């Protein structure tokens with residue numbers, strides 16, 4: 042069996058979007074604590090996230106600018122936290 046080595050790079054960057062990547066909640070700098078959260082951010086049961094198209098576009102433009110290969114499909118796994 043022959044193996045192919047694949048190395049990935051994960052980059053964390055704050056994008057200058059008007060809303061969060063998985064919700065329509067604001068990202069205004071300097072806002073009071075806990076004022077920019079919605080039911081999606083809070084992970085309420087039955088509420089599903091909606092991907093921010095502008096954030097995806099900005100990330101793809103960055104990837105193309107550095108010569109990266111942009112995947113045709115991305116999969117997101119949502120973390121669930123429960124603190125009794």
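In the working numbering, the protein residues as written are 42 to 125.
Glycine included, C-beta positions come from ideal geometry on N, C-alpha and C.
Note that the structure is a prediction, hence the values are computed from the model and not measured.
For residue 115, count neighbouring C-beta atoms within 10 Å of its own C-beta (all shown protein chains included) and say buried if the count is 16 or more, exposed if not.
The residue you call residue 115 lines up with position 74 of the chain shown. Burial call: exposed.
Take the Cβ of residue 59 as the centre, count every other Cβ of all protein chains shown within 10 Å, and call the residue buried at 16 or more, exposed below.
Mapped onto the chain shown, residue 59 falls at position 18. Classification for residue 59: exposed.
Below 6 Å CB to CB, which residues in the same chain sit around residue 70 once its five sequence neighbours on both sides are set aside?
Residue numbering aside, residue 70 sits at position 29 when the chain shown is read from its first letter. Nothing listed; no residue qualifies.
Is residue 79 near residue 66, with beta carbons less than 9 Å apart?
Indexing the chain shown from 1 puts residue 79 at position 38. Indexing the chain shown from 1 puts residue 66 at position 25. In contact: residue 79 and residue 66 (Cβ atoms closer than 9 Å).
How should residue 93 be labelled, buried or exposed, when 16 other C-beta atoms within 10 angstroms of its C-beta is the threshold for buried?
Locating residue 93 in the chain shown gives position 52, counting from the first residue. Label assigned to residue 93: buried.
Along the chain, where does the alpha helix (DSSP H) containing residue 103 start, and where does it finish?
Along the chain shown, one-based indexing puts residue 103 at 62. Where residue 103 is concerned, the enclosing alpha helix (DSSP H) stretches over 94 to 106.
For residue 67, which residues does DSSP report across the bridge?
Here residue 67 refers to the residue found at position 26 when the chain shown is read from its first residue. DSSP output for residue 67 lists 60 as bridge partner(s).
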